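Numbering (the numbering used here), first residue to last: 25 to 245.
C-beta atoms are modelled at their ideal positions from N, C-alpha and C, and glycine is treated no differently.
All of these numbers come straight from a predicted model, not from anything done at the bench.
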């Protein structure tokens, strides 16, 4: 029994794509992690980093698969309680943001990568179905999907980057640092200073989501 246990402890799991994906997700979820390297993966799995090339053609192909997994996770977080199309879009935006904040090193790549995978396509289908339900079709629906999707991905990726650069968790101010606006040169900025400094990034993100939804509602026939 003792010999069998020792042998089991010394046996490594066989390497495959899922092993690398799981290891990359663990690394990406660590606080203040905004990058993912082959060396990180090699250290995590105690293997030579070049072993990854046997499963992924490039770092971009690895990131594409990781990002699509994150999209799938975001969709899985949705509760399905929202029946109206407006509520489903708000929940989709919120779950995307929360998942990006959980995996910032992957979320930051959302503005530069297209995955073409099931997570991305399912997300596209959800948004298009919502705008179709709103009464938009054809080009109008495609434009609203592009506007909404771009805003959600860019906003969530930006907040994920900010979280990786900021100690601690929770909400962050929208305007970081002192606001040195002189009333003589920038009267409106100076008079709005307290309101601007009180803004929170998450609330502003969701306010933008709701404004896009309101615009889509107004554009529907």
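- Item | Beta bridge counterpart(s) of residue 224 as assigned by DSSP | Note: residue 224 sits in a beta bridge opposite 197.
- Where do the ends of the alpha helix (DSSP H) carrying residue 94 lie? Counting along the chain, the alpha helix (DSSP H) containing residue 94 begins and ends at 83-101.
- Item | Coil, strand or helix - residue 150 by DSSP | Three-state result, residue 150: helix.
- Message: I'd like to know if the region 132-152 and the region 172-184 are in contact, where contact means that at least 3 CB-CB pairs between them fall below 8 Å.
- Response: Yes, the region 132-152 touches the region 172-184.
- Message: Tell me whether the region 223-237 and the region 114-130 touch, counting them as touching only if at least three CB pairs, one residue from each stretch, are closer than 8 Å.
- Response: Segments in contact, yes.
- By Cβ distance, which residues of its chain are closer than 8 Å to residue 59, with the 5 residues on each side in sequence left out? Taken in chain order, the residues that qualify are 129.
- Task: State whether the region 96-112 contacts the region 69-84, with contact taken as three or more CB pairs (one from each stretch) at a distance under 8 Å.
- Result: Verdict: no, contact absent.
- So, residue 135 versus residue 92, is the Cβ gap smaller than 7 Å? Cβ atoms of residue 135 and residue 92: not closer than 7 Å.
- Task: Would you decide whether residue 228 is buried or exposed? Buried here means 16 or more other CB atoms lie within 10 Å of its CB.
- Result: So residue 228 ends up on the exposed side.
- Query: By DSSP, does residue 161 sit in helix, in strand, or in coil?
  - Reply: Here residue 161 sits in coil by DSSP.
- Item | Start and end residues, alpha helix (DSSP H) containing residue 106 | Segment: none, residue 106 is in no alpha helix (DSSP H) and carries neither H nor E.
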